[in-house]
Every structure is written in C-alpha cells, then in structure tokens.
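From first to last, the protein sequence lines stand for chains A and B. Quick note, in the working numbering, the first sequence goes up one by one and the last residue is 192. Quick note, in the working numbering, the second sequence goes up one by one and the last residue is 374.
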Amino acid sequence: VDRRTDLELWRLARTDPEAFGALFERHAAAVHAFCARRTADLAAAEDLTSIVFLEAWRRRDAVQPAGESVLPWLLGIAHNVVRNAHRARRRHRDALRRLPVARDGHEAEDIAARVDAERALAEARRAIDALPRRERDVVALVLWSGLSYEEAALALGVPCGTVRSRLSRARARLRTSLDHPLPPTPQELS
Amino acid sequence: MTDLLPAPVPELDEGWLAARREHLVRELAAPAPSPRVSRRGVLGGVGAVCGAGAASAAGLILAGGPGASSAFAGWRAAPSVPAAGQLQSATARCEQPQPKAPPPGGVSTSLGPKPSGGPPAWPDPSTWRLQVSDVRGPFSMLVFSAPPDATVMCIAGPDFSAISLGVNHSAAAGGVLANGIAIERYATARNPQGPEPYTFVVGRVGSAVSAATLQLSDGTTVTATVSGGRLLAWWPGQAAATAAQLTTPSATVTQALSAATPPEQPTAHVGTATGSCRGVQGADRPSTCTAKAGPFVAAHSGAATGSCGGVQGAGPSTCAGGAEGHVVRGAPRGVVVGGR
C-alpha cells in the first residue's frame with residue numbers, strides 16, 4: 003500500500019507518471035463507480051475511467067488540489083467527461099486504441115452479475131433522470147459518491163451553498179414523486 | 035419504485051486495475067503529440083482584452099512563434115518566485131515600442147477612433163507605474179498604470195508575449211468590501227499563431243483580504259496574486275471563474291462570481307459579443323454601446339466615437355470604440371456575494 007498522501011503523490015505526479023499511476027490505483031474504483039452510475043454501462047465506465055485520468059494528467063499543470071484528497075477534483079473531471087463522452091473519447095482516441103485487450107471472457111456467473119448490476123444501475127439512473135440536470139449532478143456526487151458538500155462544490159465549481167440548495171430541492175422534488183425518500187448524506191449520518 | 039441509494043457497482047478486479055494502470059503510465063510517459071491548432075483559434079484573430087466595469091480596454095498584440103502551441107508549458111496554478119532577472123526581462127519586453135499596424139494576418143489593434151479619427155498612441159513606457167506582477171513558472175504578467183487614465187497589462191512567457199491597453203472611464207472601482215473582491219477585467223484572450231487561449235482576472239481586493247483562490251468551472255483552482263490591494267490571476271484555457279475563496283484575518287470566505295463564461299473578443303474592441311448598439315459610426319447623433327462583459331455591464335456613449343457591427347455573420351452586435359466616450363452606466367456589478 004502506498005502510504006504517501008494524495009498531495010504528495012500529486013506533487014510528484016506533475017513530472018512522474020508512476021506517481022500518477024499510484025493515484026489511479028487509489029481512486030480508479032471511485033471514479034469507475036461514478037461513471038458506472040451515471041452511464042449504467044460498465045464497459046463504457048471502464049473506458050471513461052481511463053479517460054478521466056488522461057484528462058487529469060492533461061490538466062495537471064492547471065490544478066492545485068484543495069483539501070487532502072484529489073478525488074473531488076477527479077470526480078469533477080469525471081462529471082464533465084460523462085457529460086461530453088463523445089468529445090472526450092475523440093480527444094483520447096489514440097490512447098483508447100492502445101488500451102489493453104479485454105479479458106478473454108467472463109465466467110457465466112460474472113456475466114450474469116454484470117447484467118444484473120447494469121439493470122440496477124439503469125433503474126437507479128432512471129430514478130433521478132426526472133431531476134433537473136444540476137440537481138442530478140449533486141445527487142450523484144453527494145449521495146452516490148459520498149462527497150461532502152464542500153467537495154461537491156469543488157467538483158462542480160459552484161459555491162457550497164449552491165450544492166446544499168440543489169440537494170434540498172432534489173429532496174423536495176423526489177419526496178413528492180418517489181415512494182422512498184433520498185438517503186441521508188454522509189455528513190448527516192455523522 | 036426504486037429508492038435512491040447508490041446502486042452497487044461490481045468491484046474492479048486487480049488484473050484490470052494493474053493493466054489499466056500500466057497503460058496509463060505508458061501513455062503518460064510517451065512524448066505528447068503536438069497539439070492541433072483549433073480552427074476556432076485561427077478564426078479568433080488576435081486575442082483581446084475586454085474592459086469590464088470601470089475600464090474599457092482595447093488592443094492586444096500577441097507575438098507567437100513556431101512551436102508556440104506549447105506556450106503554457108511550465109505554468110503553475112499558484113504564483114511562484116521569479117527567477118533572477120525574470121521580472122526585469124518581462125518589463126523590458128513589455129516596454130518595447132508597440133507597432134501601430136497589426137501583425138500580418140492580424141486585425142486592428144487600435145484603441146478605437148479618437149474624435150479626430152486617428153488611433154491613440156500607446157502610452158509612453160517611461161510614465162508607466164507597476165501596480166502588480168504575477169509570476170507563474172516562466173510566465174510573468176504585469177499590470178501598469180499609465181497616466182492619465184490607462185492601464186497596461188502585459189504577459190511575457192518563453193514563446194510569446196502580449197500587451198493590452200485599457201482606458202479607465204471612471205475612477206477606480208470603489209466600494210470593495212473589506213472582505214471581498216471586485217473584478218475589473220475578466221476575459222479570454224487567444225492568438226492565432228499558436229498559443230492556446232488563456233483567461234485572466236484583474237481586480238481589487240478589500241483591505242482584509244490577504245489571499246485569494248479562484249475556483250474554476252472545470253473543477254480546478256488557481257491561486258491569485260494579491261498585492262497592494264490588487265488581485266491578478268490567469269490560467270490556460272477558457273474555464274470560467276465561478277467563485278473566490280478569500281482569506282481574511284477572521285475566516286476564509288467564499289465569494290461567488292456570477293460570470294458564467296469569460297468574454298472572448300475576436301477583434302480588438304470594447305465590449306463583447308453580447309453587446310447591443312444604437313447609432314451608427316459617423317452619424318450625427320451619438321452612438322451608444324452597451325456591452326456586457328462577463329459579470330459586468332458597461333455602457334459608453336459619445337458622438338461618433340462608437341461603432342457597431344455584427345461579428346462573424348449573424349452573431350450579436352459588438353461595440354467598438356468607447357475609449358473616447360464616457361461611462362453612462364457601468365459600475366461594476368459583477369461580483370455577487372452569496373449564492374448564485
């Protein structure tokens with residue numbers, strides 16, 4: 003386990019791809035989960051995860067991560083990459099062509115699990131599709147990815163109060179349209 | 035009906051992670067291909083500075099050279115300590131005599147017609163007074179005041195330099211809250227010869243503000259230079275500044291910036307593509323331009339000193355001139371404290 007902090011790795015990663023690789027290993031699962039929940043497509047989410055980190059590397063000189071984790075910033079990029087997936091794929095098409103070949107095949111159980119997972123993801127996505135886009139973004143970052151209000155604000159480039167109010171509006175909207183209320187945020191739980 | 039708990043996502047297996055990490059590191063270690071110059075950049079012409087609030091600006095000359103597409107290599111998100119002689123060298127480059135004629139393929143860099151019809155001259159560099167400097171790696175951005183009422187902004191880097199001139203139509207922006215900032219200029223500039231666009235912010239800070247970090251629309255942050263009551267920052271690209279985190283003795287406060295997108299000007303002029311114009315250049319009646327520059331609205335009027343015209347076909351009108359006019363409505367109002 004790499005014990006260096008995100009910020010230490012980030013400083014090194016500006017010139018050292020291996021340090022960036024360590025950040026990838028640390029945050030790829032969270033980025034992948036975010037992409038998967040937004041697309042409901044596990045294979046697409048895998049490619050988008052790679053694109054997010056390629057984009058992050060491209061912008062590394064323009065960034066000074068705030069806080070202790072670079073994850074909010076990565077999810078901010080993921081947010082944009084998912085929204086502009088076509089353009090992102092085009093920008094990084096050469097790198098995508100060189101992606102490692104997919105595994106030869108999945109076990110039948112594995113395939114069935116993926117199908118089930120994608121079905122659940124699609125169902126969850128449909129549930130928030132009725133929300134205005136900005137409220138949907140906040141739900142995905144705060145409730146689904148576990149970011150704090152501050153981190154979501156950083157990811158979306160909006161003030162913290164905006165995140166709070168969007169989430170509040172989303173709750174109110176969904177309360178009237180769903181059988182189940184939104185789950186509490188990590189901050190509320192703590 | 036589903037609930038909105040996060041749907042479970044199958045875990046990534048270690049083989050996938052290792053293979054993708056290896057791929058990523060390999061891609062990043064490979065030499066980057068030369069970035070393509072976007073068509074938009076070529077069509078953009080000489081980048082320009084947009085006056086905002088109390089200042090109207092016009093005229094930006096960028097000098098790029100072959101290979102300038104990597105012009106921002108080495109840029110830093112936080113100000114850095116200048117190398118020995120860096121500021122002196124940048125000042126010397128900025129003070130070089132500016133051509134009156136546009137560079138080949140460029141566009142007019144004049145400030146707009148004087149009542150006599152001739153373009154105003156650049157202020158004599160010997161009269162400039164440095165207000166604030168911002169160093170980011172090999173790049174130096176300098177803001178000078180030039181009597182009687184002009185502001186000269188200059189950026190110098192390894193591959194290019196640019197200089198712009200603004201004319202203040204009214205006294206310096208007042209009313210800055212002690213724990214707030216007021217943006218005076220905020221725009222995207224670009225150069226057809228290679229460098230990618232960059233966006234800058236020039237402003238004033240309240241007396242209690244000791245540091246400022248700008249949050250950009252792409253999720254990144256940029257630490258501004260805060261010195262002598264001035265704020266200065268710039269970054270590659272066109273991301274908008276959405277908020278500023280300000281350090282004061284008592285707390286860190288966040289100030290929302292209402293600008294959604296930095297204005298971009300395809301030619302040297304005052305205002306942006308969202309302006310509207312009344313009157314016709316040369317007509318007997320005064321022309322009036324109302325230009326919305328990002329978070330600001332500035333209006334200028336003056337007999338035959340403005341010009342109006344559409345930009346790139348069917349786009350909205352822009353306002354040109356105004357350097358000789360006066361502000362009839364233009365107090366900075368772009369900085370909104372609180373939510374959006």
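Note that the Cβ used here is the ideal one computed from N, Cα and C, for glycine as well. Keep in mind the model is a prediction, meaning the values are calculated, not measured.
Closest Cα partner of residue i within the set the options
i, options, result
"Pro266(B)", "Phe178(B), Pro172(B), Ser195(B)", "In the sequence on display, residue 266(B) carries Leu and not Pro. Checking every option, the nearest Cα to that of Leu266(B) belongs to Phe178(B)."
"Leu50(A)", "Ile79(A), Val72(A), Pro67(A), Arg127(A)", "Ile79(A)"
"Ser167(B)", "Ala180(B), Val115(B), Ser160(B), Pro40(B)", "Val115(B)"
"Gln289(B)", "Asn213(B), Glu45(B), Gln120(B), Glu129(B)", "Asn213(B)"
"Ala15(A)", "Arg85(A), Arg62(A), Ser150(A)", "Arg62(A)"
"Gly69(A)", "Asp112(A), Gly163(A), Arg173(A), Leu149(A)", "Leu149(A)"
"Ser284(B)", "Val260(B), Arg60(B), Trp268(B), Ala242(B)", "Ala242(B)"
"Leu73(A)", "Ala45(A), Arg13(A), Phe26(A), Thr41(A)", "Phe26(A)"
"Ala223(B)", "Ala245(B), Ile197(B), Val210(B), Gln130(B)", "Ile197(B)"
"Gly159(A)", "Ser170(A), Val140(A), Glu20(A)", "Val140(A)"
"Ala46(A)", "Ala64(A), Val83(A), Ala172(A), Glu10(A)", "Val83(A)"
"Gly171(B)", "Cys128(B), Ile189(B), Thr185(B), Glu61(B)", "Ile189(B)"
"Ser147(A)", "Arg121(A), Arg39(A), Ser170(A), Val165(A)", "Arg39(A)"
"Asp183(B)", "Ser174(B), Asp158(B), Arg55(B)", "Asp158(B)"
"His57(B)", "Leu56(A), Val65(A), Asp18(A)", "Leu56(A)"
"Arg89(A)", "Val54(A), Ser71(A), Pro67(A), Val65(A)", "Val54(A)"
"Leu291(B)", "Ile217(B), Ser261(B), Thr281(B), Ala245(B)", "Ile217(B)"
"Gly262(B)", "Thr255(B), Ala245(B), Pro270(B), Gly271(B)", "Ala245(B)"
"Gln122(B)", "Phe173(B), Thr286(B), Ala112(B), Pro231(B)", "Phe173(B)"
"Trp12(A)", "Gln66(A), Cys162(A), Leu169(A)", "Gln66(A)"
"Pro181(B)", "Val169(B), Pro192(B), Gly191(B), Leu164(B)", "Leu164(B)"
"Val239(B)", "Val287(B), Gly253(B), Arg110(B)", "Val287(B)"
"Glu45(B)", "Arg171(A), Leu145(A), Glu120(A)", "Glu120(A)"
"Leu280(B)", "Leu211(B), Gly253(B), Pro231(B)", "Leu211(B)"
"Ala107(B)", "Cys162(A), Leu169(A), Ala64(A)", "Ala64(A)"
"Thr125(B)", "Ala64(B), Gly253(B), Gly191(B), Arg60(B)", "Gly191(B)"
"Thr233(B)", "Asp47(B), Trp109(B), Val43(B), Leu62(B)", "Trp109(B)"
"Glu137(A)", "His81(A), Glu125(A), Arg5(A), Val165(A)", "Val165(A)"
"Val144(A)", "Arg85(A), Asp8(A), Leu169(A)", "Leu169(A)"
"Thr282(B)", "Asp47(B), Ala112(B), Val260(B)", "Val260(B)"
"Asp195(A)", "Leu44(A), Gly163(A), Asp8(A)", "The requested residue 195(A) does not occur in the structure, where chain A is confined to residues 3 to 192."
"Ala118(B)", "Thr185(B), Val169(B), Pro231(B), Val236(B)", "Val169(B)"
"Pro19(A)", "Trp269(B), Thr255(B), Leu62(B)", "Leu62(B)"
"Gly253(B)", "Gly237(B), Val236(B), Arg264(B), Gly271(B)", "Gly271(B)"
"Ala258(B)", "Met175(B), Val186(B), Met187(B), Arg127(B)", "Met175(B)"
"Ala64(B)", "Ala42(A), Thr7(A), Thr41(A), Arg60(A)", "Arg60(A)"
"Ala235(B)", "Glu129(B), Trp268(B), Trp162(B), Arg55(B)", "It should be noted that the sequence gives Val, not Ala, for residue 235(B). Per the Cα distances, Trp268(B)."
"Val256(B)", "Ala41(B), Pro113(B), Arg60(B)", "Pro113(B)"
Per DSSP, cross-strand counterpart(s) of residue i
i, result
"Ala223(B)", "Tyr232(B)"
"Thr288(B)", "Gln279(B)"
"Asp168(B)", "Met175(B)"
"Gly270(B)", "The residue you asked about is not Gly; residue 270(B) is Pro in the sequence shown. Its beta-bridge partners are Tyr232(B)."
"Gly237(B)", "Ile217(B), Leu265(B)"
"Arg163(B)", "Ser179(B)"
"Leu250(B)", "Ala275(B)"
"Ala111(B)", "Answer is none; Ala111(B) lacks a bridge partner."
"Val256(B)", "Leu248(B)"
Would the region 112–124 of chain A count as touching the region 29–36 of chain A if we require 3 or more Cβ pairs under 8 Å? no
Evaluate contact between the region 47–54 of chain B and the region 14–31 of chain A, counting only Cβ atoms and requiring at least three cross-stretch pairs below 8 Å. yes
Contact the region 143–154 of chain A vs the region 77–94 of chain A: 3+ CB pairs below 8 Å: yes
Answer yes if the region 274–284 of chain B comes into contact with the region 249–261 of chain B, meaning at least three C-beta pairs across the two stretches below 8 Å, and no otherwise. yes
Below 8 Å, how does it come out for the region 131–146 of chain A and the region 42–61 of chain A: are there three or more Cβ pairs, yes or no? no
With 9 Å as the C-beta to C-beta threshold (strictly closer), list the residues of the region 240–251 of chain B near chain A in chain order. Thr247, Gln249, Leu250, Ser251
Would you list, in sequence order, the uninterrupted alpha helix (DSSP H) runs of no fewer than 4 residues that lie entirely inside the region 52–91 of chain A? 73–85
Decide yes or no for the touch test of the region 158–178 of chain A against the region 85–101 of chain A: beta carbon pairs closer than 8 Å, at least 3 of them. no
Under 7 Å (Cβ pairs) to chain A, residues found in the region 274–288 of chain B: Thr276, Ala277, Thr288
Taking a Cβ distance cut-off of 7 Å, strictly less, list which residues of the region 54–68 of chain A are near chain B, in chain order. Phe55, Leu56, Trp59, Arg61, Asp63, Ala64, Val65, Gln66, Ala68
Let me know the beta strand (DSSP E) ranges lying completely inside the region 115–151 of chain A, each 3 residues or longer, listed in chain order. none
Could you list the residues in the region 8–29 of chain A with a C-beta less than 8 Å from some C-beta on chain B, going in chain order? Pro19, Glu20, Phe22, Gly23, Phe26, Glu27
Can you pull out the residues from the region 111–122 of chain A whose beta carbon lies closer than 8 Å to at least one beta carbon of chain B? Ala115, Arg116, Ala119, Ala122
Could you please tell me which residues of the region 145–164 of chain A, in chain order, have their CB closer than 9 Å to any CB of chain B? Leu145, Trp146, Ser147, Gly148, Ala155, Leu156, Ala157, Leu158, Gly159, Val160, Pro161, Cys162, Gly163, Thr164
Counting only runs of 4+ residues fully inside the region 10–53 of chain A, write out the alpha helix (DSSP H) ranges in chain order. 19–41
Which residues, in order along the region 126–140 of chain A, keep a beta-carbon less than 7 Å from a beta-carbon of chain B? Ala126, Ala129, Ile130
What residues from the region 253–270 of chain B come within 9 Å of chain A, judged by C-beta to C-beta, listed N to C? Gly253, Thr254, Thr255, Val256, Thr257, Trp269, Pro270
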